[in-house]
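Sequential numbering of the sequence shown, starting at 15, is according to the numbering used here.
Worksheet: one structure, shown below.
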Amino acid sequence: MAPMQPSTAVNLALPAGHAALLHPPGRRGVAAVAQGGSHWQEVAVPVSELPAHVENMAGRPDTYLSMQSFLGWRRILRVAELGAAYVDLDYHRTPKWAGSHPGWVADAVLRAIDDEELPAPSFVMSTGRGLLTVWLHDFVPRAALPRWSAIQRHLADALDQFGADPRALDAARVFRLAGTENTRAQAIVRPIYVAGSGSPPWRWDFDDLAREVLPLQRTELISLRARRAAGSAAGRGSMPARRLTAATYWEAVLADLQRLLAHRWAGTLPSGQRDSWLFVACVAMSWIAPPFVLRREFRALAQEVGGWPAGEADSRMGAVFRRAEAAVAGRTVEWNGRAVDPRYRLRAATIVEALRVTPAEMCAAGLRVLVDRDVARKHAAERQRTHRQRAGVQERSAYESAAAARATAAAALRAAGMSWAQVAAHLELPSPDAARVLASRAAAP
Numbered sequence: 015m016a017p018m019q020p021s022t023a024v025n026l027a028l029p030a031g032h033a034a035l036l037h038p039p040g041r042r043g044v045a046a047v048a049q050g051g052s053h054w055q056e057v058a059v060p061v062s063e064l065p066a067h068v069e070n071m072a073g074r075p076d077t078y079l080s081m082q083s084f085l086g087w088r089r090i091l092r093v094a095e096l097g098a099a100y101v102d103l104d105y106h107r108t109p110k111w112a113g114s115h116p117g118w119v120a121d122a123v124l125r126a127i128d129d130e131e132l133p134a135p136s137f138v139m140s141t142g143r144g145l146l147t148v149w150l151h152d153f154v155p156r157a158a159l160p161r162w163s164a165i166q167r168h169l170a171d172a173l174d175q176f177g178a179d180p181r182a183l184d185a186a187r188v189f190r191l192a193g194t195e196n197t198r199a200q201a202i203v204r205p206i207y208v209a210g211s212g213s214p215p216w217r218w219d220f221d222d223l224a225r226e227v228l229p230l231q232r233t234e235l236i237s238l239r240a241r242r243a244a245g246s247a248a249g250r251g252s253m254p255a256r257r258l259t260a261a262t263y264w265e266a267v268l269a270d271l272q273r274l275l276a277h278r279w280a281g282t283l284p285s286g287q288r289d290s291w292l293f294v295a296c297v298a299m300s301w302i303a304p305p306f307v308l309r310r311e312f313r314a315l316a317q318e319v320g321g322w323p324a325g326e327a328d329s330r331m332g333a334v335f336r337r338a339e340a341a342v343a344g345r346t347v348e349w350n351g352r353a354v355d356p357r358y359r360l361r362a363a364t365i366v367e368a369l370r371v372t373p374a375e376m377c378a379a380g381l382r383v384l385v386d387r388d389v390a391r392k393h394a395a396e397r398q399r400t401h402r403q404r405a406g407v408q409e410r411s412a413y414e415s416a417a418a419a420r421a422t423a424a425a426a427l428r429a430a431g432m433s434w435a436q437v438a439a440h441l442e443l444p445s446p447d448a449a450r451v452l453a454s455r456a457a458a459p
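Structure (structure tokens):
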């Protein structure tokens, strides 16, 4: 198993401790705190104020806390940082475990995780009618959402026998706050297992967690390295390392749409500009969110940036929703004689044309995917330059400047009366001839 890092020492049984563990000091964004019951009430609380906000909530009925932090209201599109993977286990709905003591079920869950050779969870919370199994990890940006979602699905599949809820896997989910009451079960929400008894729960390195949960990644990485090595040995140079999957491509498109929205329209779509932008956004979301989450998230987005009510959003994007549902059901469509995923596909060039994105906007808004060839080449050159700098490779201009300075120094030392042997020794050159050649470059026009 990969190494883990200890989290901050907190009392996980209390609301403030639970909040501080999920959202420690220094985390970006706000957390959502919600009150259930007959009327759902939700507030966005800055992470720095969260422990104080929930400190006196022990015993309060049906109170919830978001697992991730957000830049504004609780939406997948507004995720600031991902910091935990989780699976909600409705074991009371399963024939085998219904009516069982939560401690027995938790023991069985931990054994199943161990049998599957999966990482141990950081803690397991008894929520009154189920269990919430949580893997804390270091904070990663929303760009990691495709990999994070794959981790979620794999963990849920592994715990399916315990009633893993497939509708509770998205990044905008809230769960019950420790120390509060589940009124339906008449039970207090409490931790039932904490990794490392007597010490704080563990927080995984996200890359390590992904490698442990998604073992295929490890195999693919080894295979990729082997292919690159073979290509290099054959004189073909290294193979491209930057490749987007469908999910990462659409996450990148979504990020670019948000950058364009902020740059061109200051966050709100004007009349006449809504249809194209929202259609592309809905298509992008259909590749990274399950259909039931897609509909909820898109309605909120369409209302926020375009003023569309839920009915209009459903009507205008009905085809996108239906295709997303068909994809989840395993249906395909024929394209060029092949059976393919029924969800819409849009090339970056098509989106650029539809939204009339100019090269100036591409650069000013910092777009990464929705760019033309010239800007794409510029980005590639920047990545290559950054890679070379990280690898310690000196830029040509810097190299030439340093070489010219050494040549000038060699000529100056010779003019001061040193022999070529002395110049070579002073500049740590291999021979007097090397000193003579170096000085001649300073004299050359």
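The beta-carbon is built from N, C-alpha and C at its ideal position, and this holds for glycine as well.
- With fewer than three CB-CB distances shorter than 8 Å, the stretch 72-83 does not count as touching the stretch 104-114.
- In this structure, DSSP gives arginine 190 an extended state, which the three-state scheme calls strand.
- Around the beta carbon of glutamine 166, 16 or more other beta carbons sit within 10 angstroms, so the residue counts as buried.
- About 16 Å separates the Cβ atoms of alanine 45 and tryptophan 54, ruling out a contact at the 8 Å cut-off.
- In the DSSP assignment, tryptophan 149 falls within the beta strand (DSSP E) that extends over 145-154.
- Taking all protein chains in view, the Cβ of threonine 141 is crowded by 16 or more other Cβ atoms within 10 Å, so the residue is classified as buried.
- Between the alpha carbons of alanine 126 and phenylalanine 137 lies a gap of roughly 15 Å.
- With respect to proline 116, leucine 145 sits close: the two C-beta atoms are nearer than 8 Å.
- Looking at the DSSP output, arginine 313 shares a beta bridge with no other residue.
- Residue pairing from DSSP places isoleucine 202 in a beta bridge opposite Glu195.
- As computed with DSSP, leucine 79 is found in a beta bridge with Val47 and Phe189.
- Cα atoms of asparagine 196 and proline 75: separation of roughly 6 Å, rounded to the nearest angstrom.
- If you check the CB distance, alanine 316 and alanine 327 come in under 8 Å.
- Of Ala134, Ala99 and Val154, the smallest CA-CA separation from leucine 183 is found for Ala99.
- Here alanine 30 has Pro65, Val68 and Glu69 as same chain residues with Cβ atoms under 7 Å from its own Cβ, once five neighbours each way along the sequence are excluded.
- Around the C-beta of histidine 440, fewer than 16 other C-beta atoms lie within 10 Å, and the residue is accordingly described as exposed.
- Residue state for glutamine 55 is assigned as strand, using DSSP reduced to three classes.
- With fewer than three CB-CB distances shorter than 8 Å, the stretch 274-294 does not count as touching the stretch 386-398.
- When only Cα atoms are considered, tryptophan 87 and tyrosine 263 end up about 24 Å apart.
- As computed with DSSP, valine 93 is found in a beta bridge with Phe84.
- If you ignore the 5 residues before and after histidine 151, its C-beta comes within less than 8 Å of the C-beta of Leu96, Gly97, Ala98, Ala99, Arg217, Trp218, Asp219, Phe220 and Leu223, all in its own chain and listed in chain order.
- Where phenylalanine 176 is concerned, there is no enclosing alpha helix (DSSP H), because DSSP gives it neither an H nor an E.
- Between leucine 274 and leucine 381, the C-beta spacing is below 8 Å.
- Assigned with DSSP and collapsed to three states, tyrosine 263 falls in helix.
- Taking 8 Å as the upper bound for CB-CB distance, isoleucine 90 and alanine 185 are in contact here, some 5 Å apart.
- Here aspartate 447 is exposed, its C-beta having fewer than 16 other C-beta atoms within 10 Å.
- The beta carbons of alanine 394 and alanine 421 sit about 33 Å from each other, so the pair does not count as a contact at 8 Å.
- With a cutoff of 8 Å on beta-carbon distance, alanine 438 and serine 445 are scored as near each other.
- Residue pairing from DSSP places valine 101 in a beta bridge opposite Thr147.
- Distance check between alanine 424 and each of Arg450, Arg198 and Ala280 places Arg450 closest, using alpha-carbon atoms only.
- Secondary structure at valine 371: coil, using DSSP grouped into helix, strand and coil.
- Exclusion of the five residues before and after leucine 384 leaves Val267, Asp270, Leu271, Leu274, Ala362, Ile365, Val366, Leu369, Val371 and Met376 as the residues of its chain whose Cβ lies within less than 8 Å of its Cβ.
- Between leucine 26 and proline 205, the gap from beta carbon to beta carbon is short of 8 Å.
- When DSSP states are grouped into helix, strand and coil, tryptophan 216 belongs to the strand group.
- According to the DSSP assignment, valine 61 belongs to no alpha helix (DSSP H), since it is labelled neither H nor E.
- In the three-state DSSP reduction, methionine 432 falls in the coil class, being neither helix nor strand.
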